[in-house]
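Q: Counting from 1, one number per residue, gives the positions in the sequence shown under the UniProt record's numbering. Glycine included, every Cβ here is placed at the ideal spot set by N, Cα and C. Small disclaimer: the values here were computed from a predicted structure and weren't measured. Provided herewith is a single structure, encoded as structure tokens, for subsequent inquiry.
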Amino acid sequence: MYSVKRKQSFDDRSNKETNKLQCKFDQKITSIENLSIEMFYEIFDYLNGYEIYQAFSNLNHYFQQLINSSSLLLKFKINSPSAELYKQLTLINKHKILSFNIRLTYKSSELFTSYLIDSSLDHLESLVLIEFKTTILISLLMKLTCLPRLFSLTIRTFDTWYELSEIYYLIFALPKLIYIKCSPSEVGGAISLPIATNQKSSTIEYIVIDHFCTLPELCAILSHIPQLRYCHFREVYDADPMNIDTTIQIKLFNVICISMKDCEIKFDTFEQLIREIECPLQVLHITNTYDENNYLDANRWKILILNYLPHLKEFSLTYNTDIGNKSVIQLDFERVKSFTSLFWIERKLILGIKISRYHIIYSIHPFKKRWYNINSFIDFSKCTQLTMTYVPDDEHMEFFMNSICTVLSIVKIYHLEFSKRTIISSSLMKILTVLSELDSLKITSLSISQTRYSFIDDQNFRLVSYHNKITKVYLENVKKSEEVYFLLKLCLRMKYLKVNFIYNVDYKLFFRNFLRTITINRHQYLQSLYFQGLKTDFQIINELKEMINREKLLRQFTINRVLNYIHLEWNLI
1 MYSVKRKQSF
11 DDRSNKETNK
21 LQCKFDQKIT
31 SIENLSIEMF
41 YEIFDYLNGY
51 EIYQAFSNLN
61 HYFQQLINSS
71 SLLLKFKINS
81 PSAELYKQLT
91 LINKHKILSF
101 NIRLTYKSSE
111 LFTSYLIDSS
121 LDHLESLVLI
131 EFKTTILISL
141 LMKLTCLPRL
151 FSLTIRTFDT
161 WYELSEIYYL
171 IFALPKLIYI
181 KCSPSEVGGA
191 ISLPIATNQK
201 SSTIEYIVID
211 HFCTLPELCA
221 ILSHIPQLRY
231 CHFREVYDAD
241 PMNIDTTIQI
251 KLFNVICISM
261 KDCEIKFDTF
271 EQLIREIECP
281 LQVLHITNTY
291 DENNYLDANR
301 WKILILNYLP
311 HLKEFSLTYN
321 TDIGNKSVIQ
331 LDFERVKSFT
341 SLFWIERKLI
351 LGIKISRYHI
361 IYSIHPFKKR
371 WYNINSFIDF
381 SKCTQLTMTY
391 VPDDEHMEFF
401 MNSICTVLSI
411 VKIYHLEFSK
421 RTIISSSLMK
431 ILTVLSELDS
441 LKITSLSISQ
451 TRYSFIDDQN
461 FRLVSYHNKI
471 TKVYLENVKK
481 SEEVYFLLKL
491 CLRMKYLKVN
501 FIYNVDYKLF
511 FRNFLRTITI
521 NRHQYLQSLY
531 FQGLKTDFQI
541 INELKEMINR
551 EKLLRQFTIN
561 RVLNYIHLEW
571 NLI
């Protein structure tokens with residue numbers, strides 16, 4: 001996103017001068033006026049310009065000079081402006097205003113129109129307009145052409161835009177605009193922009209179209225901004241797929257980033273769009289909610305990337321399908337499975353799957369280091385993660401297990417995460433019975449459906465415990481120590497354990513019992529514990545170290561603080 005950074009006289013000072021500024025803090029400061037001007041500028045950068053004027057302009061002569069300095073530029077954020085506020089604004093030197101963020105109410109709309117927008121706002125670089133009525137917005141856009149440095153414009157309204165074509169015409173006429181974001185509540189009619197020819201083009205490089213539009217409307221908008229480099233679209237859909245050849249008549253020679261949050265275009269059409277626009281695309285993010293399985297055809301994506309996207313550096317694809325929808329059954333699993341082939345592994349693009357209450361969401365995304373990537377070597381062929389945001393009760397568990405089996409028919413799962421909800425231990429064991437290749441397990445919250453000792457005699461528990469290959473476990477919200485011991489028994493090959501206690505815990509008692517348990521039960525693989533409690537200071541670490549040595553709980557170990565965790569690591573003997 002294009003952002004406005006205040007430009008002040010101290011921006012170009014050398015590193016030597018910066019060090020001098022920092023050294024001033026070693027001197028005794030007896031008065032606020034003794035702070036450097038540069039320091040005040042840094043402080044003011046975090047304050048509302050109107051509040052700065054209210055607080056400092058009448059304080060004394062020193063601050064009057066400081067406020068009136070030509071090198072100080074101010075950012076104004078105004079909510080529900082009043083008549084008194086506008087009166088004060090007229091007294092402020094317009095040359096000093098760097099940005100406006102204005103939210104209008106119905107009563108204040110007329111007040112704002114009385115504020116004079118003219119070329120004296122020669123340092124205004126950013127304008128954010130919120131809740132403007134369409135008529136006032138159009139009137140204001142006509143005035144903005146006189147601003148010599150307006151680089152960024154954001155419009156967010158709860159109004160329905162019926163005059164969308166006129167609004168875009170006025171936006172394209174702004175002579176210096178680089179960034180534009182349009183977010184109407186609704187669009188009330190078609191965008192009747194023609195494809196641009198050789199007329200004067202816009203300077204816009206970054207556009208966010210935060211409303212739905214058809215593919216022809218999108219192409220018409222983009223034809224007016226040939227210097228475009230970054231584009232983000234909320235919702236694009238096919239209006240008339242039969243006339244696609246006449247729709248795509250644009251070239252986007254400068255675009256390096258395209259993001260579509262809700263792409264409802266047939267994949268055949270999308271392919272043709274990429275072939276025709278001839279852009280040096282480096283970043284492509286697509287989310288598809290359209291019932292179009294071809295988006296999950298890995299080989300078609302491979303051909304498209306190799307032939308038409310040679311500069312692509314970052315790619316992500318998200319495909320959302322309804323659980324129970326016949327399209328899930330019609331998925332060509334072999335085509336989806338190809339997303340784990342060498343082509344994608346070499347580019348460190350990973351297949352991820354999420355199961356929610358009503359959806360299975362497939363995603364292809366760049367590799368991102370996660371909590372379980374604790375070694376320097378990473379096998380990218382075994383990075384597939386399944387995330388579950390919902391686990392049903394026992395009554396609906398069979399249908400849910402069918403969804404998991406659907407996923408397993410496509411790809412092996414090596415990492416499992418239960419996010420947002422508490423999972424019951426009995427449900428956890430049912431799920432683990434079918435996920436035989438798991439290496440890591442992350443649980444937001446665990447509820448044990450049996451007593452600490454009864455599950456040991458449970459045949460299903462012993463079966464899951466014996467067969468699973470889980471080596472890394474993360475329990476994010478521990479309420480009772482029994483939850484930790486349950487996972488120790490369940491994951492016998494565990495090497496790495498990470499736990500966050502959300503209540504007060506007796507540190508010494510937990511570590512003592514934990515270390516005795518792994519010794520008695522001969523946990524031959526476990527050698528690393530990350531522990532977070534409500535308090536993890538160095539005093540606690542020293543006390544734990546002393547206790548472990550005194551009671552000979554471990555022979556060779558290290559214990560230290562890593563961020564907010566106590567990290568205990570020991571050698572296998």
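Just to confirm my understanding: we take S409, look at its own chain, exclude 5 residues before and 5 after, and list those with CB closer than 7 Å. What are they?
A: Residue 409 sits at position 409 when you count from the first residue of the sequence shown. So the list reads F333, once near-sequence residues are dropped.
Q: Could you compute how far the alpha carbon of V391 sits from the alpha carbon of L446?
A: Your numbering for residue 391 matches position 391 in the sequence shown. Your numbering for residue 446 matches position 446 in the sequence shown. One C-alpha to the other measures close to 12 Å.
Q: To the nearest angstrom, how far is it from the Cα of M494 to the Cα of Y485?
A: Looking up residue 494 in the sequence shown gives position 494. Looking up residue 485 in the sequence shown gives position 485. Rounded to whole angstroms, M494 to Y485 spans 12 Å at the Cα level.
Q: Jot down the residue ranges of each uninterrupted beta strand (DSSP E) in the segment 516-542, minimum 3 residues, whole runs only, in chain order.
A: Fully enclosed beta strand (DSSP E) runs of 3 or longer: 528-532.
Q: Could you say which of I303, R229, L218 lies nearest to Y179 if we only look at CA atoms?
A: Taking the first residue of the sequence shown as position 1, residue 179 is located at position 179. Here the closest residue by C-alpha is R229.
Q: Run through the segment 343-416 for me and flag every whole beta strand (DSSP E) of 3 or more residues, listed as ranges in chain order.
A: If we require 3 residues or more, the beta strand (DSSP E) runs fully inside the segment 343-416 come out as 349-355, 359-366, 385-388.
Q: Assuming S403 contacts I323 under a Cβ cut-off of 8 Å, what Cβ separation, rounded to an integer in Å, is found between them?
A: Position 403 of the sequence shown holds residue 403. Position 323 of the sequence shown holds residue 323. Right, their Cβ atoms sit about 6 Å apart.
Q: Whole angstroms are fine: how far does the CA of I286 sit from the CA of I520?
A: Counted from its first residue, the sequence shown places residue 520 at position 520. Counted from its first residue, the sequence shown places residue 286 at position 286. Computed Cα separation, rounded: 52 Å.
Q: In or out: Q385 buried (at least 16 other Cβ within 10 Å) or exposed?
A: For the purposes of this step, residue 385 is identified with residue 385 of the sequence shown, where counting begins at 1. The residue is buried, with at least 16 neighbouring Cβ atoms inside 10 Å.
Q: So, helix, strand or coil for Y46, using DSSP?
A: Locating residue 46 in the sequence shown gives position 46, where the first residue counts as 1. Here Y46 sits in coil by DSSP.
Q: May I ask you to report which of helix, strand or coil DSSP gives D26?
A: Position 26 of the sequence shown, counted from the first residue, corresponds to residue 26. The pLDDT assigned to D26 is 47, lower than 50, so where the model puts this residue is not dependable, and the model offers no usable value.
Q: Does DSSP classify I258 as helix, strand or coil?
A: As a first step, residue 258 must be located in the sequence shown, where it is residue number 258. If DSSP states are grouped into helix, strand and coil, I258 belongs with the strands.
Q: Going straight from the alpha carbon of N288 to that of I559, what length do you get?
A: In the sequence shown, the residue the question calls residue 288 occupies position 288. In the sequence shown, the residue the question calls residue 559 occupies position 559. Whole-angstrom Cα-Cα distance: 47 Å.
Q: Once DSSP output is grouped into helix, strand and coil, what is the label at Y466?
A: Counting from one through the sequence shown, the residue named residue 466 turns up at place 466. Three-state result, Y466: helix.
Q: As a quick exercise: from L490, Y362, E271, pick the residue whose alpha carbon is nearest that of H467.
A: Counting from one through the sequence shown, the residue named residue 467 turns up at place 467. H467 has its Cα closest to that of L490, out of L490, Y362, E271.
Q: From the DSSP secondary-structure annotation, give me the bridge partner or partners of D322.
A: Indexing the sequence shown from 1 puts residue 322 at position 322. Paired residues: H359.
Q: Are at least three pairs of beta-carbons, each pair with one atom in the segment 492-508 and one in the segment 473-484, less than 8 Å apart?
A: Judged by Cβ distances under 8 Å, the segment 492-508 makes contact with the segment 473-484, as three or more pairs qualify.
Q: Report the option in I37, N79, R347 whose CA atom is closest to the CA atom of I67.
A: Counting from one through the sequence shown, the residue named residue 67 turns up at place 67. Minimum Cα distance to I67 is reached at I37.
Q: Return no unless some Cβ of chain B is closer than 8 Å to the Cβ of I167.
A: Looking for chain B here will not work: only one protein chain is present.
Q: Rounded C-beta distance between D297 and I265? I'm assuming under 8 Å.
A: By 1-based counting over the sequence shown, the position of residue 297 is 297. By 1-based counting over the sequence shown, the position of residue 265 is 265. Going by Cβ atoms, the distance from D297 to I265 rounds to 15 Å, so no, they are not a contact pair.
Q: Report all residues from its chain with a CB closer than 6 Å to the CB of L441; omit the five preceding and five following residues, and keep chain order.
A: Walking along the sequence shown from the start, residue 441 turns up at place 441. Closer than 6 Å at the Cβ level, and outside the excluded window around L441, lie L416, I470, V473.
Q: Going by C-alpha distance, which of P226, Y206, R561 is nearest A196?
A: Within the sequence shown, numbered from 1, the residue matching residue 196 stands at position 196. Of the candidates P226, Y206, R561, the one whose C-alpha sits nearest the C-alpha of A196 is P226.
Q: Just checking my contact of C182 with D159 at CB under 8 Å: how many whole Å lie between their CB atoms?
A: Against the sequence shown, residue 182 aligns to sequence position 182. Against the sequence shown, residue 159 aligns to sequence position 159. Not really, about 12 Å apart at Cβ, beyond 8 Å.
Q: For T203 versus P184, is the C-beta distance shorter than 8 Å?
A: Here residue 203 is taken as the residue at index 203 of the sequence shown, counted from 1. Here residue 184 is taken as the residue at index 184 of the sequence shown, counted from 1. Not in contact: T203 and P184 (Cβ atoms no closer than 8 Å).
Q: Mapping the DSSP letters down to three states, classify E437 as helix, strand or coil.
A: Here residue 437 refers to the residue found at position 437 of the sequence shown. Correct three-state label for E437: coil.
Q: Could you give the distance in angstroms between the alpha-carbon of F40 and the alpha-carbon of S70?
A: For the purposes of this step, residue 40 is identified with residue 40 of the sequence shown, where counting begins at 1. For the purposes of this step, residue 70 is identified with residue 70 of the sequence shown, where counting begins at 1. Roughly 14 Å separates the two Cα atoms.
Q: Suppose you measure from the CA of I102 to the CA of T154; what does that come to, to the nearest Å?
A: To locate residue 102, count along the sequence shown from 1; it is residue 102. To locate residue 154, count along the sequence shown from 1; it is residue 154. Their backbone Cα atoms lie some 10 Å apart in a straight line.
Q: Roughly how many angstroms lie between the CA atoms of W301 and E346, to the nearest whole one?
A: Start at 1 with the first residue of the sequence shown, and residue 301 comes out as number 301. Start at 1 with the first residue of the sequence shown, and residue 346 comes out as number 346. Approximately 15 Å between the Cα atoms of the pair.
Q: Please confirm whether I303 and L281 have their CB atoms less than 8 Å apart.
A: By one-based count along the sequence shown, residue 303 stands at place 303. By one-based count along the sequence shown, residue 281 stands at place 281. No, the Cβ-Cβ distance between I303 and L281 is not below 8 Å.
Q: Grab me the residues of C279's own chain with a C-beta within less than 6 Å of its C-beta, minus the 5 sequence neighbours each way, in chain order.
A: As a position in the sequence shown, residue 279 is number 279, starting the count at 1. The residues are L252, V255.
Q: Using the beta-carbon count (16 or more within 10 Å), is I378 buried or exposed?
A: For the purposes of this step, residue 378 is taken as residue 378 along the sequence shown, with counting starting at 1. Exposed, because fewer than 16 other Cβ atoms sit within 10 Å of the Cβ of I378.
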